[in-house]
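If you number the sequence shown the way full-length UniProt numbering does, the last residue is 340 and the count never jumps.
The structure under discussion appears below in the form of structure tokens.
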Amino acid sequence: MAASSPGKQGPEKPGSRTRASQGDKALSAGPERIQKLLARAGVGSRREIEGWMESGRLQVNGQPAEPGQKATTDDRFELDGKQLDVSAAAQVVRRVLIYNKPEGEVTTRKDPEGRPTVFDRLPRLKDQRWIAIGRLDINTTGLVLFTTDGELANRLMHPSSQIDREYAVRVFGEVDDAMQQRLLEGVLLDDGMAKFSDLAPAGGSGINQWFHVTLMEGRNREVRRLWESQGVRVSRLKRVRYGPIFLPSRLTLGKWEELDQKGVDALSKAVGLSAVDIPQKTPGEQAAHDRRRRKSPGKSLQRARKGTWQVSDAAPAKPKRDDRKARSGAKKPARNNRGE
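See the structure below:
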């Protein structure tokens with residue numbers, strides 16, 4: 001679902017006017033809640049904006065913003081006395097990136113500890129900003145989605161949308177049928193009941209087994225905490241799907257690619273949004289975009305890789321019979337190089 005080269009301007013696609021008019025109609029409906037408007041403009045998440053309002057930091061037309069208040073892009077917004085640019089909210093620009101997050105990166109725009117972030121290698125934007133759809137903790141790898149549309153991001157993350165996330169997970173410990181059933185029926189965690197909507201063995205043997213699990217929400221470290229509640233430890237974790245979007249095998253760690261129109265439309269449909277045409281790039285913009293995409297992951301990924309394992313969604317390979325015989329007959333035991 002990577003985006004095809006949009007540098008060449010061809011004839012108008014059937015239905016493109018319908019998509020554009022639907023997006024414009026949604027924006028011309030009148031005033032809307034401040035959190036929704038500012039999130040679409042890319043100045044912050046809805047939760048962040050609510051916090052600004054509660055602490056009195058956000059003003060609209062010189063007056064403190066109030067919960068539930070509505071506004072339009074014609075109003076003047078100030079955060080801590082500095083005017084906010086909300087022009088991006090006047091028109092829906094819906095681009096989506098898929099990124100294969102390596103271990104060692106944090107899902108935040110700026111890290112006070114100076115650690116590499118998932119935003120470090122993304123393409124730069126002039127009038128919008130990338131919004132991360134869901135978080136992965138520093139030790140989890142795999143699929144992270146980014147979009148320029150705050151409304152799309154909010155709907156994809158909101159529990160009411162029931163968007164499922166699939167993970168490949170390797171656990172260390174004994175796992176029986178009764179434990180799997182408990183994880184499917186529900187377990188009481190510190191922040192309430194939680195469960196996997198789907199759980200399927202994916203290989204391995206003994207106390208090192210692989211599973212594919214699915215969640216319908218994205219609470220903090222939920223996959224790890226569910227397994228830990230049963231006395232087993234997660235040794236490897238990788239997100240492989242978010243809603244209708246899978247992590248393609250061609251996308252190596254630290255690399256990203258942009259979704260094409262079909263992929264963006266699938267995400268929009270999953271959360272009940274009308275389709276919006278992807279902005280067309282000029283040949284120069286497309287060339288710069290491609291150079292950025294091919295760029296080496298850089299030193300931050302090399303540091304993250306050093307001395308750490310790499311996650312695979314396949315089952316661990318079993319040793320060949322001849323190898324087992326050689327090891328059993330060896331006078332000196334072989335050195336363990338698994339790096340776990």
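We put the beta carbon where it would ideally sit given N, CA and C, even for glycine.
Keep in mind it's a predicted model, so treat the numbers as computed, not measured.
query: What's the gap between the Cα of residue 111 and the Cα of residue 83?
result: 24 Å
field: Whole-angstrom distance between residue 294 and residue 192, CA atom to CA atom
entry: 43 Å
- request: Between the Cα of residue 228 and those of 132, 194 and 105, spot the shortest distance and give me the residue it belongs to.
  value: 194
query: If you scan the stretch 132-207 from start to end, which runs of the beta strand (DSSP E) of 3 or more residues do you find wholly inside it?
result: 141-147, 165-172, 187-189, 192-194 and 198-205
field: Residues near residue 318 by beta carbon distance below 7 Å, same chain, minus five either side
entry: Confidence in residue 318 is poor, its pLDDT being 41 and thus under 50, which makes the residue's placement unreliable; the coordinate value appears in the next sentence. Cβ within range, chain order: n/a, list empty.
- request: Grab the span of the beta strand (DSSP E) containing residue 235 for me, first residue to last.
  value: 233-242
- request: Inspect the CB distances between the stretch 163-175 and the stretch 239-250 and report whether three or more fall short of 8 Å.
  value: yes
Reference residue 258, options 126, 280 and 199, closest by Cα: 280
query: For residue 72, which beta-bridge partners are listed by DSSP?
result: None; residue 72 has no bridge partner.
query: Quick check: the stretch 98-108 against the stretch 244-253, are there 3 or more CB pairs under 8 Å?
result: yes
- prompt: Quick one: is residue 125 buried, meaning 16 or more other Cβ sit within 10 Å of its Cβ, or exposed?
  reply: exposed
message: Measuring only the C-alpha atoms, how far is residue 63 from residue 56?
response: 10 Å
task: Mark residue 199 as exposed unless 16 or more other C-beta atoms lie within 10 angstroms of its C-beta, in which case mark it buried.
output: buried
task: Could I get the ranges of all uninterrupted beta strand (DSSP E) runs contained in the stretch 244-268, with 3 residues as the minimum, in chain order?
output: 256-258
- request: Using a threshold of 7 Å, state whether the C-beta atoms of residue 187 and residue 226 are closer than that.
  value: yes
query: Got a sec? Which residues, its chain only, sit under 8 Å from residue 50 by beta carbon, not counting five neighbours each side?
result: 35 and 67
- request: Pair every Cβ in the stretch 178-187 with every Cβ in the stretch 154-162, then say whether three or more of these pairs are closer than 8 Å.
  value: no
query: If you compare alpha carbons, which of 90, 197, 146 and 211 is closest to residue 174?
result: 211
query: CB residue 71 to CB residue 31, shorter than 7 Å?
result: yes
- prompt: Can residue 75 and residue 60 be called in contact, C-beta distance under 7 Å?
  reply: yes
query: residue 86: which of 97, 107, 127 and 121 sits nearest, CA to CA?
result: 127
message: Distance check for residue 234 and residue 213, CA to CA, integer angstroms please.
response: 12 Å
task: Could you tell me the distance, in whole angstroms, from the CA atom of residue 78 to the CA atom of residue 58?
output: 6 Å
task: Measure the C-alpha to C-alpha separation of residue 148 and residue 178 and round it to an integer number of angstroms.
output: 44 Å
- prompt: When burial is assigned at 16 or more other CB atoms within 10 Å of the CB, is residue 287 buried or exposed?
  reply: exposed
task: Taking residue 34 as part of the alpha helix (DSSP H), name the residues at either end of that continuous run.
output: 34-41
task: Give every residue of the same chain whose Cβ lies closer than 6 Å to the Cβ of residue 268, excluding the five residues on either side of it in the sequence, and list them in chain order.
output: 275
field: Proximity to residue 93 [Cα-Cα], best of 162, 131 and 140
entry: 131
- prompt: My guess is that residue 136 and residue 98 are in contact by the Cβ rule of under 8 Å, so how many angstroms apart are they, rounded?
  reply: At roughly 13 Å, the Cβ-Cβ gap does not stay under 8 Å, so residue 136 and residue 98 are not in contact.
message: Give me, in chain order, the residues of the same chain whose beta-carbon lies closer than 7 Å to that of residue 222; leave out the 5 immediate sequence neighbours on both sides.
response: 194 and 215
query: Counting along the chain, where does the alpha helix (DSSP H) carrying residue 48 start and finish?
result: 46-54
message: On the DSSP bridge list, what partners appear for residue 58?
response: 79
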